[in-house]
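These notes are about the structure you will find just below.
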Amino acid sequence: MSELSTIARPYAKAVFDLADQDQSYDKWSDVLSLLTNIVADDTVQSLVDDPFVDKSKLAELIKGVCADRVDEQTHNLVDTLIDNGRLNAIGDISARFEELRAEAEQTVEAQVESALPLDDAQLEKLSASLEKHFGKKVKLATSVNEELMGGILIRAGDTVIDGSVRTKLEKLASTIRA
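This is the structure:
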């Protein structure tokens, strides 16, 4: 996987530079996500991995699948990735692009798991608190995980803030056993 990350860096930077020129970050996020999903399909993946598949036919197939949602720049990216045998790196390219975008927009994406659904007021308060903590605008992605029993678990980049009841009980149990 680290090899794909290394391969992805220059492609992601090139796409980011294109997006940065006209602030088309949303467009490129959508395009890279779409291409990632197409390449992840088992049928397409078998074609990508097959050295006997004609590169131009593969490019036509992929561009045809997303024809109504992409432009000439996307077609050029697909052609370049296929010509250089780098189509398998599209997921890593997408991930690295999102990292570059977050840096440029001074944002951080936070995954929030809670034992119960959070209402709008709670999300607003949490978002404000996290923005103060990180010094950046925070994009929240929420999910419910009943196994937490109560509280929340937040993951933002390399930071994990675990305020779940489950973890507190586990810590208490290990303290009692010690």
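To convert, note that position 74 of the sequence shown is 74 in the numbering used here; the numbers rise steadily by one, no gaps.
No residue lacks a Cβ here, since even glycine has one placed at the ideal position from N, Cα and C.
With a cutoff of 7 Å on beta-carbon distance, Ile154 and Val112 are scored as near each other. Excluding the 5 residues flanking it on each side, Glu131 has same chain C-beta neighbours closer than 8 Å at Lys137, Val138, in chain order.
Between Ile93 and Ala12, the C-beta spacing is below 7 Å. Restricting attention to alpha helix (DSSP H) runs no shorter than 4 residues, the stretch 2-77 encloses them at 2-22, 25-40, 42-49, 55-65, ordered along the chain.
The DSSP-derived three-state label of Lys125 is helix. The straight-line gap separating the alpha-carbon atoms of Thr80 and Gln73 is approximately 11 Å.
Here the alpha carbons of Val165 and Thr175 stand approximately 15 Å from one another.
Using a 10 angstroms sphere on the CB of Leu148, the tally of other CB atoms reaches 16 or more, which defines it as buried.
DSSP places Arg177 in the uninterrupted alpha helix (DSSP H) bounded by 165-177. Between the stretch 34-41 and the stretch 113-124 there are fewer than three C-beta pairs closer than 8 Å, too few to call the two in contact. Where Asp162 is concerned, the enclosing beta strand (DSSP E) starts and stops at 159-162. Secondary structure note for Ala110: its beta strand (DSSP E) is the uninterrupted segment 107-114. Our two residues, Asp158 and Phe134, have alpha carbons roughly 12 Å apart in a direct line. Ranked by Cα distance from Ser114, the options Gly64, Gly85, Gly151, Leu47 are led by Gly151.
According to the DSSP assignment, Lys136 belongs to no beta strand (DSSP E), since it is labelled neither H nor E. The closest CA to that of Glu146, considering only Glu98, Thr167, Gln21, Leu87, is found on Thr167.
DSSP, read as helix, strand or coil, puts Arg101 in helix. Ala156 sits away from Arg96, with the two beta carbons spaced by 7 Å or more. Per DSSP, the continuous beta strand (DSSP E) segment holding Ala156 begins and ends at 152-156.
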